[in-house]
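**Student:** Sequence lines, in order, name chains A and B.
Numbering of the first sequence is given in our numbering, commencing with residue 13 and proceeding in unit increments.
Numbering of the second sequence is given in our numbering, commencing with residue 511 and proceeding in unit increments.
For reference, the structure I am asking about is given below.
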Amino acid sequence: MDGEQPEAFPLVRYDEMCRAIDAAYQVDEVKDIRNKARAFEVYARQAKNTEAERRACEIRLRAERKAGSLLAERDKAPGTAGMGRPPLGGRTAEPPNDVPTLRDLGISKQQSSDWQRMAAVPEQEFEAALADPDDKPTTAGIIGRTRKAEPVEDDALWLWGRLLDFERRGLLTRSFDEVCRTMVPHMRETVRELAPQISKWLARDQ
Amino acid sequence: MKDKDASRAWQIVGEVYDRCRHQPEVSPAWLATQVLVEIGATRAENEIEYLLAHLQARQIARDFCRKRIEDDETAERDDLFPGTLQHRYPRKPAIKGEEPVYMLRDLMTDEDVAYNVARLRDEADSKLMHADALEAWGKDRKRAA
Numbered sequence: 013m014d015g016e017q018p019e020a021f022p023l024v025r026y027d028e029m030c031r032a033i034d035a036a037y038q039v040d041e042v043k044d045i046r047n048k049a050r051a052f053e054v055y056a057r058q059a060k061n062t063e064a065e066r067r068a069c070e071i072r073l074r075a076e077r078k079a080g081s082l083l084a085e086r087d088k089a090p091g092t093a094g095m096g097r098p099p100l101g102g103r104t105a106e107p108p109n110d111v112p113t114l115r116d117l118g119i120s121k122q123q124s125s126d127w128q129r130m131a132a133v134p135e136q137e138f139e140a141a142l143a144d145p146d147d148k149p150t151t152a153g154i155i156g157r158t159r160k161a162e163p164v165e166d167d168a169l170w171l172w173g174r175l176l177d178f179e180r181r182g183l184l185t186r187s188f189d190e191v192c193r194t195m196v197p198h199m200r201e202t203v204r205e206l207a208p209q210i211s212k213w214l215a216r217d218q
Numbered sequence: 511m512k513d514k515d516a517s518r519a520w521q522i523v524g525e526v527y528d529r530c531r532h533q534p535e536v537s538p539a540w541l542a543t544q545v546l547v548e549i550g551a552t553r554a555e556n557e558i559e560y561l562l563a564h565l566q567a568r569q570i571a572r573d574f575c576r577k578r579i580e581d582d583e584t585a586e587r588d589d590l591f592p593g594t595l596q597h598r599y600p601r602k603p604a605i606k607g608e609e610p611v612y613m614l615r616d617l618m619t620d621e622d623v624a625y626n627v628a629r630l631r632d633e634a635d636s637k638l639m640h641a642d643a644l645e646a647w648g649k650d651r652k653r654a655a
């Protein structure tokens, strides 16, 4: 970490890194920023500095998005990909034979795919995800924003409706014993058997 | 059939049904036969007329059973369980699509009970799912606005 501390991640440094990401035109440049931000993020988490962690996370995601967009461009025009912008007035580069591969760049196929998908997320949605105060942004979460909503399963709709029924019928304001008081024996047996299983099931993935 | 005649026919079916209220099983065909006996129509006079009259009476009886028994205007409130339990329920059909035979609730077998529970649940589930879907759609639209 070059002796950097999470506390040393001030706003000015954040802005600087954002500018560096915007200005970058080679994958390895943004990959380097991304790796530094990632290391910083882990360090900040261990130090329990949530603000620094969040900022580092944002830098990482911005770098990943930029890397994704550069990788997508590279894939579209493999002939000159990875060569960067030609100098003003300079000669046009010949299509190279030595374009760095993903392996050369230290990027996995999954990362390449995820980052390119993140690059396809509209700017407004991406910024909204980073600005969401209730939800820590993640690569998967941001990619998920562009995914077409899956149709709601019958069971999901049913469960949602029945949970709402608890509220609608006012059951939540009454005690469990009071609600069960008039049940006949076989009904009580069913409740005794199923209620703990349902309660456990509801709590399992929460 | 004129409205007045239809109403009179319905009334006769009702009277026959009420007289036989405690009969274990009632079917539209049985009710139609009883109605024709009631009005004095006999098979011996004119076979074709009798069969056509029986067909018509059976149709009226089928309507009567569906409305009177299944939508039960005289449904009884059970002492123990909430909601209204019918006096009669359709017996589990031996062949799919056969005309329902309505039997007294107390005489139903466990199979008949299970058949009716499943039938009522199917009807209720599709309405419930419709209501849930509409509610979810409404909330989704409100949120998107």
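The beta-carbon is built from N, C-alpha and C at its ideal position, and this holds for glycine as well.
1) Using a Cβ-Cβ cut-off of 6 Å (strictly less than) and excluding sequence neighbours within five positions of Asp147/A, which residues of its own chain qualify?
2) Do Val39/A and Ala75/A come within 8 Å of each other at the CB atom, strictly closer than that value?
3) Looking at C-alpha atoms only, which residue of Pro538/B, Ala551/B, Lys649/B, Gln521/B is the closest neighbour of Arg576/B?
4) Can you grab the Cα-Cα spacing for the pair Leu617/B / Val611/B, in whole Å?
5) Under three-state DSSP, which class holds Ala93/A?
6) Can you tell me the Cα-Cα spacing of Glu227/A and Pro149/A, whole angstroms?
7) Taking only the alpha-carbon atoms, compute the straight-line gap between Leu142/A and Ala68/A and give it to the nearest angstrom.
8) Shorter than 8 Å from the beta carbon of Asp166/A to some beta carbon of chain B?
9) Examine the ligand MN and report whether any of its heavy atoms sits within less than 7 Å of the Cβ of Gln209/A.
10) Given this structure, state the Cα-to-Cα distance separating Gln209/A from Glu645/B, to the nearest angstrom.
11) Can you give the beta carbon distance from Arg601/B to Tyr527/B, rounded, assuming they're within the 8 Å contact cut?
12) To the nearest angstrom, report how far apart Leu614/B and Val536/B are at their CA atoms.
13) Using the Cα positions of Val111/A and Ala140/A, report the straight-line distance between them to the nearest angstrom.
14) Where DSSP assigns a beta bridge to Leu488/B, which residues make up the other side?
15) If you drop the 5 nearest sequence neighbours on each side, which residues of the same chain put their C-beta closer than 8 Å to that of Ala604/B?
16) State the beta-bridge partners of Val536/B as determined by DSSP.
17) My output table needs one value for Arg193/A: the three-state DSSP class, helix, strand or coil.
18) Quick one: grab the DSSP three-state call for Gln38/A.
19) Quick one: is Gly156/A near chain B, going by C-beta distance under 8 Å?
20) Considering just the uninterrupted stretch of the alpha helix (DSSP H) at Glu179/A, what are its terminal residues?
21) Is the number of C-beta pairs between the region 562-569 of chain B and the region 630-640 of chain B that are closer than 8 Å three or more?
22) My assumption, with CB atoms under 8 Å, is that Asp642/B sits in contact with Gly173/A. Please give the rounded CB distance.
23) I need the DSSP call for Ala140/A, collapsed to helix, strand or coil.
24) With C-beta atoms as the reference, is Glu63/A less than 8 Å away from Glu53/A?
25) On the three-state DSSP scale, how would you describe Ala79/A?
26) Since Asp189/A contacts Thr151/A with CB under 8 Å, what's their CB separation in whole angstroms?
27) Here's the rule: buried if 16 or more other CB atoms are within 10 angstroms of the residue's CB, otherwise exposed. What is Leu541/B?
28) From what residue to what residue does the alpha helix (DSSP H) around Glu557/B run?
29) Check the Cβ of Trp172/A against every Cβ in chain B and list those closer than 8 Å, keeping chain order.
30) What did DSSP end up calling Asp204/A once you bin it into helix, strand or coil?
31) Would you kindly work out how many angstroms separate the C-alpha atoms of Arg129/A and Met639/B, rounded to a whole number?
32) Pick helix, strand or coil for Glu16/A, following the three-state DSSP scheme.
**Tutor:** In terms of the structure at hand:
1) Listed in chain order, the non-local C-beta contacts of Asp147/A below 6 Å within the same chain number zero, local neighbours out to five positions each way being set aside.
2) Their beta carbons are not under 8 Å apart, which means Ala75/A does not touch Val39/A by this criterion.
3) Each of Pro538/B, Ala551/B, Lys649/B, Gln521/B was checked against the Cα of Arg576/B, and the nearest Cα belongs to Pro538/B.
4) For the pair Leu617/B and Val611/B, the Cα-to-Cα distance works out to about 13 Å.
5) With a pLDDT of only 47 at Ala93/A, under the threshold of 50, the placement of this residue in the model should not be trusted, and no figure is reported.
6) Absent from the model: residue 227/A. The displayed extent of chain A is 13 to 218, so no value can be given.
7) Inter-residue distance for Leu142/A and Ala68/A is about 11 Å (C-alpha atoms, whole angstroms).
8) Residue-level contact check: Asp166/A touches chain B, since one or more beta carbons of chain B fall below 8 Å from its beta carbon.
9) Ligands in the displayed structure: none, and consequently the ligand MN is not present.
10) Here the C-alpha atom of Gln209/A lies approximately 28 Å from the C-alpha atom of Glu645/B.
11) Not quite, the Cβ-Cβ distance comes to about 17 Å (not below 8 Å), so this is no contact.
12) Each residue's alpha carbon lies about 9 Å from the other.
13) Note on geometry: alpha-carbon atoms of Val111/A and Ala140/A lie some 35 Å from one another.
14) Missing from the structure shown is residue 488/B; chain B here goes from 511 to 655 and no further.
15) So the list is empty, once near-sequence residues are dropped.
16) For Val536/B, DSSP records a beta bridge to Tyr612/B.
17) Reduced to three states, the DSSP call for Arg193/A is coil.
18) Here Gln38/A sits in coil by DSSP.
19) Chain B contact via Cβ: absent.
20) Going by DSSP, Glu179/A is part of the alpha helix (DSSP H) stretching over 166-180.
21) Too few Cβ pairs lie closer than 8 Å, so no.
22) Taking a contact as a CB-CB distance under 8 Å, the pair Asp642/B and Gly173/A counts as one, their CB atoms being some 4 Å apart.
23) Three-state DSSP puts Ala140/A in a helix.
24) With respect to Glu53/A, Glu63/A sits apart: the two C-beta atoms are not nearer than 8 Å.
25) In the displayed model, Ala79/A falls within a helix according to three-state DSSP.
26) Contact check for Asp189/A and Thr151/A: beta-carbon distance about 48 Å, past the 8 Å limit, so the pair fails to qualify.
27) When all chains shown are included, Leu541/B counts as buried.
28) Unbroken alpha helix (DSSP H) run through Glu557/B: 557-574.
29) Residues of chain B passing the Cβ test: Asp642, Ala646.
30) The question names Asp, but residue 204/A is Arg in the sequence shown. Note: Arg204/A maps to helix in three-state DSSP.
31) If I take the Cα positions, the gap works out to 35 Å.
32) Confidence at Glu16/A is low in this model, with a pLDDT of 49, below 50, so its placement is unreliable and the value that follows should be read with caution. Reduced to three states, the DSSP call for Glu16/A is coil.
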